[in-house]
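One structure below.
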Amino acid sequence: MAQEAAPAVEWGCLTQQQKFMVQFLFVLVFSIIAVPLPLLIPINDPNAGALGNMSFFYGYNIFVIVYYLPGQYRRLELLLVRPPNGKEMARSSSAISYLGKVTWQDTAKRVIFYLLVIFGWCTGYFLCAVPWGTNLIYSYNMLYGAPPTFAMVDWLFLVLADRSYWNVKTLILIFVYNFLTLAPVLLLCGIVFASAFFNTPVLILCAALASWILMEVVGIISDKVLQILIPWAGYSLEHYYQVGNSLVFSCLLTFSEVILFPSTNSWWALVGVVIVDTIGAALQLRVLWKCVVSDRSKGEGISQETREALWSQCEVDVARFWPVLVALPPLVWLMDDRNPNRQYYYLFDCTTAEHMNITVVCILVKLGWTCALTTVDVVLCTSWGIGLERAKQLTKMYDKHWVMMTATFALSGALFTSCWLVKHDGLRLLEVLSEC
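All residue numbers for the sequence shown refer to UniProt numbering, where the first residue is 1 and numbers rise by one.
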């Protein structure tokens with residue numbers, strides 16, 4: 001009798017299914033732990049100035065940059081892929097091939113490099129804050145401190161790459177990509193602030209819709225700009241669809257929706273979020289249906305366009321689900337009156353037990369509705385004959401980008417549950433949230 005072939009082994013001892021479960025559990029466990037972890041670090045009164053808040057700059061901020069590096073550097077690896085040169089395939093055509101080396105010398109260089117980047121970023125951010133002294137009005141360095149420091153971190157990525165990547169076009173491409181990725185955060189903050197400041201049912205209901213429209217516009221602009229700049233800088237668009245724009249923008253949108261709940265303490269925010277999520281899911285399915293119709297008319301099976309659309313849908317589905325789970329623990333902790341740091345956050349120093357109850361219920365309802373929408377996606381894709389391909393794309397996404405996904409959720413959670421709300425370097429406009 002013929003013997004059955006042994007299943008393929010991954011990571012030395014795991015089957016593909018076991019590896020997927022390990023990756024899935026890692027994303028789940030680490031994402032949930034990562035965001036509230038830095039919130040446990042004691043911080044001092046912001047009136048004590050920068051020198052009196054070293055635990056904030058070299059404690060909390062270390063977590064922020066550690067969460068930023070893996071996700072952003074992985075995206076840059078995919079961005080800086082050179083096209084094959086004639087018959088010679090891309091053996092060393094991208095930064096990926098360089099970073100893929102595993103000799104101990106390369107590992108040591110990488111570790112030292114990351115440590116220097118982490119310390120340098122925290123120091124740069126600290127130097128931006130030094131001018132405030134003990135006058136709180138000068139402490140709001142986020143607007144001028146964060147963009148240049150994050151851009152410098154992205155440029156330092158090229159230190160790991162071959163010198164052929166050291167050119168002006170690559171620097172411009174990285175800077176533009178950094179700006180398009182991070183700029184929407186401030187715009188979403190403005191929408192949340194406006195809804196909390198005016199606090200009328202109509203504006204609260206429309207806040208989620210405004211955030212969704214903003215991210216759709218930013219996504220379209222980002223795609224068009226990058227699809228021009230990437231070939232202009234001499235790189236390939238072959239892996240561009242895996243860069244994770246849909247993941248990043250959907251993740252930011254989900255966190256901005258969730259933060260509306262404690263900001264407004266209104267059930268209207270939940271109604272608006274449910275409506276927007278439903279519209280977004282319907283438009284996603286419409287794109288997929290058009291791809292299915294096109295494939296059927298050509299009779300050539302599943303096209304690359306459909307695969308890319310499924311990949312994008314998987315990114316959106318993942319980013320619509322995980323951030324809701326990730327946001328719950330830190331929000332509950334920050335709203336708890338036993339948290340000594342609560343008084344140093346614009347939003348949370350005024351929260352009550354009633355506010356916490358509304359927030360928790362809204363988050364759980366949004367989570368349930370997200371699961372329902374994802375179920376509809378799966379059922380319809382299966383009925384259209386692309387359910388198996390959708391599962392393959394989801395598995396492939398976890399396999400290739402599980403670290404990037406985890407880092408993205410952790411960083412976005414840190415930004416929306418704490419970073420831009422803390423009185424030490426947050427947006428002073430949000431001071432109105434502290435008027436109990």
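Even glycine gets a Cβ: it sits at the ideal position worked out from N, Cα and C.
Alpha-carbon to alpha-carbon, residue j and residue i
i: R74; j: R296; result: 35 Å
i: V271; j: F255; result: 16 Å
i: G124; j: V422; result: 18 Å
i: F20; j: T395; result: 7 Å
i: M152; j: E389; result: 39 Å
i: E77; j: M404; result: 11 Å
i: G368; j: C128; result: 42 Å
i: V202; j: S312; result: 32 Å
i: K366; j: W267; result: 12 Å
i: F126; j: G49; result: 11 Å
i: residue 440; j: T382; result: Coverage of the chain is limited to positions 1 through 436, which leaves residue 440 absent and any answer about it impossible.
i: V274; j: V361; result: 13 Å
i: L310; j: F249; result: 16 Å
i: L37; j: D337; result: 18 Å
i: Y68; j: A414; result: 10 Å
i: G299; j: G385; result: 13 Å
i: W104; j: C206; result: 54 Å
i: I41; j: W333; result: 13 Å
i: I96; j: A161; result: A caution first: I96 carries a pLDDT of 47, below 50, which makes its placement in the model too unreliable to give a value.
i: S418; j: P148; result: 20 Å
i: A269; j: N339; result: 26 Å
i: residue 445; j: M54; result: What is shown of the chain runs 1 to 436, which leaves residue 445 out entirely.
i: G301; j: G145; result: 50 Å
i: R209; j: N245; result: The sequence as given places Leu at residue 209; Arg does not occur at that position. L209 and N245: Cα-Cα distance of roughly 20 Å.
i: I213; j: V192; result: 14 Å
i: A372; j: L380; result: 12 Å
i: T15; j: V22; result: 11 Å
i: N357; j: N167; result: 53 Å
i: S303; j: W289; result: 13 Å
i: K392; j: F150; result: 34 Å
i: residue 468; j: N199; result: Residue numbering for the chain in the displayed model covers 1 to 436; residue 468 lies beyond these limits and cannot be assessed.
i: L28; j: A34; result: 10 Å
i: D223; j: V217; result: 10 Å
i: V117; j: A353; result: 41 Å
Buried/exposed call for residue i, threshold 16 Cβ in 10 Å
i: E238; result: exposed
i: V324; result: buried
i: R320; result: buried
i: I172; result: exposed
i: Q17; result: exposed
i: A183; result: exposed
i: E315; result: buried
i: C13; result: exposed
i: D425; result: buried
i: S294; result: exposed
i: N265; result: buried
i: Q284; result: buried
i: I279; result: exposed
i: I174; result: buried
i: A196; result: buried
i: I221; result: exposed
Own chain residues within Cβ distance below 7 Å of residue i, not counting five before or after
i: P262; result: L331, M335, L347, T351, H355, T359
i: V159; result: F113
i: F416; result: F255, S256, I259
i: residue 469; result: It is not possible to answer for residue 469, since the shown part of the chain is limited to 1 through 436.
i: L187; result: L214
Beta bridge counterpart(s) of residue i as assigned by DSSP
i: V422; result: Y345
Same chain only: Cβ atoms within 8 Å of residue i, ignoring 5 sequence neighbours per side
i: C122; result: F57, Y58, N61, I62, I65
i: I363; result: V258, F261, V324, A327, L328, L331
i: T370; result: D277, R320, F321, V324
i: K400; result: Q242
i: K169; result: W232, A233, G234
Contact set for residue i: own chain, Cβ-Cβ below 6 Å, skip 5 residues either direction
i: Q343; result: D349
i: G219; result: F249
i: M397; result: C314
i: P70; result: V403, A407
Nearest-angstrom beta carbon gap, residue j and residue i [assumed within contact, 8 Å]
i: L247; j: Y177; result: Contact doesn't hold; Cβ gap of about 14 Å is too wide.
i: F26; j: W420; result: In fact, because the Cβ distance is near 27 Å, the residues do not count as touching under 8 Å.
i: C251; j: F409; result: 6 Å
i: M215; j: L180; result: The Cβ separation is near 12 Å, so there is no contact.
i: N341; j: I32; result: The Cβ separation is near 19 Å, so there is no contact.
i: R82; j: Y235; result: 6 Å
i: I230; j: Y241; result: Contact flag wrong, Cβ pair sits at about 12 Å.
i: A281; j: D377; result: 7 Å
i: Q72; j: D154; result: 6 Å
Closer than 8 Å to chain D by CB, residue i
i: Q17; result: Among the chains of the structure shown, chain D does not appear; only one protein chain is present.
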